[in-house]
Amino acid sequence: MSGMEPEAQDFLKRIVQTVSVGMLFLLLHMTFGLYLNWGFFEGSPTIGNIIYYIVFLTSLAGLIYFYYRLWKGKL
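Numbering that gives the first Met the number 0 puts the first residue of the sequence shown at 0, with every later residue one more than the last.
#1: Tell me whether the beta-carbon of G21 lies closer than 7 Å to the beta-carbon of W37.
#2: What's the call for Y34, buried or exposed, on a 16-neighbour Cβ count within 10 Å?
#3: Would the segment 49-58 count as touching the segment 4-20 if we require 3 or more Cβ pairs under 8 Å?
#4: Note down, one range per segment and in chain order, each alpha helix (DSSP H) of at least 4 residues found wholly within the segment 40-71.
#5: Taking K73 as part of the alpha helix (DSSP H), name the residues at either end of that continuous run.
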């Protein structure tokens, strides 16, 4: 099929998955947090701010767990 070694191919797949999921995470949270102003407090926190930060922290924990599971195996 391809001229790459399987180990190198698996390593590159991990890198692509890491970058892709990280970019998706950043894009989603930038959209909701910055563009929709859910990441900023105007006076006191609103329910939208609270929900945004709960979702942000939960998805950040999920992202870290995904990275841990992805990279814990043998290279």
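Glycine is no exception: its CB is placed at the ideal position from the N, C-alpha and C atoms.
For this structure:
#1: no
#2: With fewer than 16 neighbouring CB atoms inside 10 Å of its own CB, Y34 falls in the exposed class.
#3: As far as the Cβ criterion goes, the segment 49-58 does not touch the segment 4-20, which means the pair count is below three.
#4: If only uninterrupted alpha helix (DSSP H) runs of at least 4 residues are considered, those enclosed by the segment 40-71 are 46-70.
#5: Segment: none, K73 is in no alpha helix (DSSP H) and carries neither H nor E.
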